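The opening position of the sequence shown corresponds to residue 1478 in the numbering used here, with each subsequent residue numbered one higher.
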Amino acid sequence: AATKLLGFLNDAHMKDPEELTSTLRSSPTLLQDDESIEAAFKCGRDLFLISTKRIIVIDKKGITGKSVEYKSYPLMYNKAFSIKTEGHLEGSKAKVYTDDDDIEQELAKGEKDN
């Protein structure tokens, strides 16, 4: 049981960018007409998206996940980034340094979930 719980906490995997581009043009309407998702990662209920214009973090809150927080970080305000590759006990991580706050995200272990 503990392994299953820990697996849920580190279940980061890639999502299909084209599918998310389509979804985020309608519900909710989050993307601009000339914007598309280039890379997408899902960890638990949350999404970390890199679009042609910005980084978007979609954070589902609470037990039910009905409350959702959307954070948008325009690419022009990103100062730097770092990537940590996966090891034996740890997965890969990306960190983006912005003017407001830093974004840290677990990345996939070579899997893609369509």
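Cβ atoms here follow ideal geometry from the backbone N, Cα and C, with glycine treated the same way. This structure is a prediction, so every number in the text was calculated from the model and none was measured.
Exercise. Between which two residues does the beta strand (DSSP E) carrying residue 1528 extend?
Worked result: 1523-1528
Exercise. Looking only at C-alpha atoms, which of 1540, 1551, 1506 sits nearest to residue 1521?
Worked result: 1540
For this session: Check the DSSP bridge columns for residue 1531 and list the partner residues they point to.
Result: 1551
Problem set entry | Whole-angstrom distance between residue 1546 and residue 1513, CA atom to CA atom | 20 Å
Exercise. Quick one: what's got a C-beta closer than 6 Å to residue 1498's C-beta in the same chain, skipping five residues either side?
Worked result: 1513, 1514
Exercise. Among 1562, 1570, 1550, which one has its Cα closest to the Cα of residue 1578?
Worked result: 1550
Exercise. Is DSSP giving residue 1575 helix, strand or coil here?
Worked result: strand
Exercise. According to DSSP, is residue 1563 helix, strand or coil?
Worked result: coil
Problem set entry | Contacts around residue 1533, its chain only, beta-carbon distance under 6 Å, and the 5 residues preceding and following it disregarded | 1526, 1549
Exercise. How should residue 1582 be labelled, buried or exposed, when 16 other C-beta atoms within 10 angstroms of its C-beta is the threshold for buried?
Worked result: buried
For this session: Tell me whether residue 1515 sits in a helix, a strand or coil according to DSSP, three-state version.
Result: strand
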